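Enquirer: Numbering (numbering that gives the first Met the number 0), first residue to last: 0 to 61.
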Amino acid sequence: MEKKETRFAVVLREGNQLSEEGVRQILVDKQTGVNYLVWKAGYAGGITPMYDADGKLIITKD
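1. Would you report the Cα separation of leucine 11 and isoleucine 58, rounded to the nearest angstrom?
2. In whole angstroms, what is the alpha-carbon distance linking glutamate 19 and lysine 60?
3. Is it buried or exposed for valine 27, if we count other Cβ within 10 angstroms and need 16 for buried?
4. Quick check: the Cα distance between tyrosine 42 and arginine 23, rounded to an integer number of angstroms?
5. Following the continuous beta strand (DSSP E) through arginine 12, name the residue where it begins and the one where it ends.
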């Protein structure tokens, strides 16, 4: 059986789902290189692209 490659790589994970501040992750889209901040706690969560101080997308190149 062929293994399906995932599109996103988790480059940072901190926090705990059981704590008030929840889990914070930074994901990198392997196709575009765009970095995303993901936050989740309990039944709530959010995701947003990350920008540098100049307002440009943070892109990780291999």
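Glycine included, C-beta positions come from ideal geometry on N, C-alpha and C. Here the structure is a predicted model, which is why all the values come from computation and not from measurement.
Expert: Quick answer:
1. Translated into positions along the sequence shown, residue 11 becomes position 12. Translated into positions along the sequence shown, residue 58 becomes position 59. Here the C-alpha atom of leucine 11 lies approximately 15 Å from the C-alpha atom of isoleucine 58.
2. The count along the sequence shown starts at 1 and reaches residue 19 at position 20. The count along the sequence shown starts at 1 and reaches residue 60 at position 61. Counting only the Cα atoms, lysine 60 lies some 33 Å from glutamate 19.
3. Along the sequence shown, read from residue 1 onward, the residue named residue 27 stands at position 28. Of the residues assessed, valine 27 falls on the buried side of the cut-off, its CB having 16 or more other CB atoms within 10 angstroms.
4. Residue 42 sits at position 43 when you count from the first residue of the sequence shown. Residue 23 sits at position 24 when you count from the first residue of the sequence shown. Between tyrosine 42 and arginine 23, the C-alpha separation is close to 14 Å.
5. Counted from its first residue, the sequence shown places residue 12 at position 13. That run of the beta strand (DSSP E) goes 7 to 14.
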